[in-house]
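Asks: Got a structure for you, questions after.
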Amino acid sequence: MAYWVLRSEPDAYSWDDLVRDGATEWNGVRNYTARNFLKEMAVGDEALFYHSNTEKAAVGIMAVTRTWQPDGDDGKWASVAVKPVRPLAHPVTLAAIKAEPKFAELMMLKQSRLSVSKVEPDEWALLLKMAEG
DNA sequence: GCCAACGTTGGC
DNA sequence: GCCAACGTTGGC
-17 MAYWVLRSEP DAYSWDDLVR DGATEWNGVR NYTARNFLKE MAVGDEALFY
33 HSNTEKAAVG IMAVTRTWQP DGDDGKWASV AVKPVRPLAH PVTLAAIKAE
83 PKFAELMMLK QSRLSVSKVE PDEWALLLKM AEG
């Protein structure tokens, strides 16, 4: 069981869109590091849905429902299927994440442009605590 | 709107 | 294969 952050601009595809759709194919990732993480994902892995740009906060929890399949025509890219699990009671803002010293090593902070990043179990637990506590 | 970070491209 | 130039992204 692994944990991830998946980032999207809410203007392009938001948590509400995902809830409305009931599930989605997380495609369009065109970065090799991010793609490699998509290929690592297993069914049952959980991921935070992070709204970049206008909102800058994690707003919900998703689950991976199918491992990767090719995305695009050239076979270089990958996508996975996800579904919403539940919204966060309190969205965790980027500002709150940056203010917490325990997130110093959080990949999402260290590689701020990466749209798919990994979360360690202890980091995941703390994120959920902040979201639901 | 600007800037920093960083990935990609193209010339050598 | 290296590196400068350029484009894109995300945060401020």
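Under the working numbering, think of the first position of the first sequence as -17, with each following residue one higher.
From the three backbone atoms N, C-alpha and C, an ideal C-beta is built for every residue, glycine too.
Treat the numbers as computed from the prediction; the structure is a model and nothing was measured.
1. In the DSSP assignment, what are the bridge partners of L30?
2. Would K65 and A45 be called neighbours here (beta carbons separated by less than 7 Å)?
3. Determine the contact status of S34 and R(-11), defining contact as a CB-CB distance below 7 Å.
4. Can you tell me where the beta strand (DSSP E) with A71 in it begins and where it stops?
5. Just verifying my parser: in three-state terms, what is the DSSP assignment at V1?
6. Ends of the beta strand (DSSP E) at E7?
7. What is the rounded straight-line gap between the Cα of P69 and the Cα of T49?
8. By alpha-carbon positions, which one of G54, P83, Y(-5) ends up nearest to A5?
9. For A113, which residues in the same chain have their Cβ closer than 8 Å to its Cβ, ignoring the five residues on either side in sequence?
10. Are the Cβ atoms of V(-13) and L30 separated by less than 7 Å?
Replies: Working from what's here:
1. V(-13), I43
2. yes
3. A distance below 7 Å separates the beta carbons of S34 and R(-11).
4. 59 to 75
5. helix
6. Run containing E7: 6 to 8, per the beta strand (DSSP E) assignment.
7. 23 Å
8. Selection G54, P83, Y(-5) evaluated against A5 yields Y(-5) as nearest (Cα-Cα).
9. A40, L70, A71, H72, P73, V74
10. yes
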